[in-house]
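The structure under discussion appears below in the form of structure tokens.
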């Protein structure tokens, strides 16, 4: 082999130009086919006759090379694999030292957890979704306050101006990109209010006046276009589900009493012309308690599930990747509280995985079925001549018909983030 | 993981406790009780109307 390597004469020949062009053409064809199969946005999406639906549009994130590399990774598959790994039953002898090491690294306070015997947690997924002792998180008694829904760090808070939510240090994303646009049925102009009554011409005049006020004062949000407050289940697309679960009578009464402190007008008509939209972003570190609670008394009318991709939502990546929240898998819970519009948005991450909502048994996040459902929804919307809104939607009207949604008390556990 | 809250509330004259303003409770708009980077716990007040 050594002599053959040394003594064999090597002769170089030019490749015929035609062969090179053919190879490059083949490579280009392969790439475009692959991109279309993966659903990346292409210039020529869909065929001329309209028989074949265009591929679901996804936006490839822009950013530095770290983000570009991350965008090529199969993050959902990694997340599911990570979840399976964390569901493996740990050896009994390993649990205490393993969880103590995890707690030491990520700063878990073991004195607060409801089940102090670490042997009782069979795997990291169970420990990650641990409960706390009942009295270690007292709820602030101020009835006019919004309380923190989770343990975490405040990344950003403020007022929403010109429909833009600031993410971190000047990076912004639009409110519509975060919450989703009006669904086709809502865009068609269903003018029934959330209180179950038809909007009167006076309401329309008030709304126009409010929008004018918002425009003049630079608070250009258009709540009625984000979601209409209809009192009946009107799924945006066929795959919408009526995720009804019975609400607790006590919660219903308390929330109803709290909402009654308002003037009973539809939520999209502000009480005064000086209302504004506020936002706050809370980051949960790996060692934090990963269940979340209702921040106030409110009614969840619907939820929108954006399948998206999964990334890390760490502050570092938020600085690196503009519009991170609008790319991530998230569940948007839309509803109303005493002062009007209220939205709660848990945003997932690859190293955590799925989002659980306690009162929505049909919600499946970070699963293969959600991908398929989103694809089917996109194809159906195209077939019906409707734009695909990028999410699947469910309403909670049947949870409490008196309130038109699922009531949640302040401090009530709503769900959480689970591994995998 | 992250949680984003977006909500409507009356505009107040006092935006943040950090500003050091105290109007003796006459302010009836939204007021934040937090700061950027602050660690919060479940049930802790974020702000009030």
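Protein chains in written order, with my numbering: chain A, -4 to 415; chain B, 95 to 143. All C-beta atoms, glycine included, are put in the ideal place defined by N, C-alpha and C.
Determine the DSSP secondary structure at residue 115(A), reduced to helix, strand or coil.
-> helix
Check whether the Cβ atoms of residue 284(A) and residue 146(A) lie closer than 8 Å to each other.
-> yes
Within-8 Å CB hit, residue 134(A) to chain B = yes
Pair within 8 Å by beta-carbon distance, residue 81(A) and residue 119(A) | yes
Per-residue contacts from residue 151(A) into chain B (C-beta, under 8 Å) | 130
May I ask which residues mark the beginning and end of the alpha helix (DSSP H) holding residue 135(B)?
-> From DSSP, residue 135(B) is part of no alpha helix (DSSP H); its letter is neither H nor E.
Cα-Cα, which of 388(A), 89(A), 140(A) and 335(A) is closest to residue 359(A)?
-> 388(A)
Taking only beta-carbon positions, decide if residue 338(A) is within less than 8 Å of chain B.
-> yes
Can you find a C-beta in chain B that's less than 8 Å from the C-beta of residue 78(A)?
-> no
Return yes when at least one heavy atom of the ligand GDP lies under 7 Å from the C-beta of residue 139(A), else no.
-> The ligand GDP is not among the ligands present in this structure, which contains no ligands whatsoever.
My guess is that residue 299(A) and residue 386(A) are in contact by the Cβ rule of under 8 Å, so how many angstroms apart are they, rounded?
-> 4 Å
Can you give me the start and stop residues for the beta strand (DSSP E) that residue 270(A) sits inside?
-> 270 to 278
Cβ of residue 274(A) less than 8 Å from any chain B Cβ?
-> yes
Three-state secondary structure assigned by DSSP to residue 411(A) | strand
Three-state secondary structure assigned by DSSP to residue 359(A) = coil
First and last residue of the uninterrupted alpha helix (DSSP H) at residue 71(A) = 70 to 81
Which residues does DSSP pair with residue 388(A) in a beta bridge?
-> 299(A)
Which word fits residue 8(A), buried or exposed, when buried means at least 16 other C-beta atoms lie within 10 angstroms of its C-beta?
-> exposed
Residue 102(A) beta carbon less than 8 Å from that of residue 282(A) | yes
Close beta carbons around residue 325(A), own chain, < 6 Å, minus the five adjacent residues each side | 301, 340 and 342
Just confirm the distance between the C-beta atoms of residue 424(A) and residue 102(B), as a whole number of angstroms; I'd bet it's less than 8 Å.
-> Lying outside -4 to 415, the shown extent of chain A, residue 424(A) is not represented and no answer is given.
For residue 114(A), count neighbouring C-beta atoms within 10 Å of its own C-beta (all shown protein chains included) and say buried if the count is 16 or more, exposed if not.
-> exposed
Could one say the Cβ of residue 142(A) lies closer than 8 Å to chain B's Cβ atoms, at least one of them?
-> yes
Please go through the same chain and pick out, in chain order, the residues whose beta-carbon is closer than 7 Å to the beta-carbon of residue 287(A), but skip the five residues on each side of it.
-> 144, 145, 341, 409, 410 and 411
What's the call for residue 5(A), buried or exposed, on a 16-neighbour Cβ count within 10 Å?
-> exposed
Determine the direct distance from the alpha carbon of residue 74(A) to that of residue 96(A), and round the result to whole angstroms.
-> 22 Å
For residue 289(A) versus residue 403(A), is the C-beta spacing smaller than 8 Å?
-> yes
Under the rule that 16 or more other beta-carbon atoms within 10 Å means buried, what is residue -3(A), buried or exposed?
-> exposed
Spatial distance of residue 327(A) from residue 251(A) (CA atoms) = 22 Å
C-alpha gap between residue 11(A) and residue 68(A), whole angstroms = 36 Å
When burial is assigned at 16 or more other CB atoms within 10 Å of the CB, is residue 293(A) buried or exposed?
-> buried
Quick one: grab the DSSP three-state call for residue 92(A).
-> helix
Does the Cβ of residue 195(A) have 16 or more other Cβ atoms within 10 Å, making it buried, or fewer, making it exposed?
-> At residue 195(A) the pLDDT is 46, less than 50, meaning the model places this residue with poor confidence; the figure from the coordinates comes in the next sentence. Flag for residue 195(A) reads exposed.
For residue 407(A), which residues from the same chain have a beta carbon less than 8 Å from its beta carbon, with the 5 sequence-adjacent residues on both sides left out?
-> 246, 288 and 289
Beta-carbon neighbours of residue 341(A), restricted to chain B and to distances below 9 Å | 95, 96, 97 and 98
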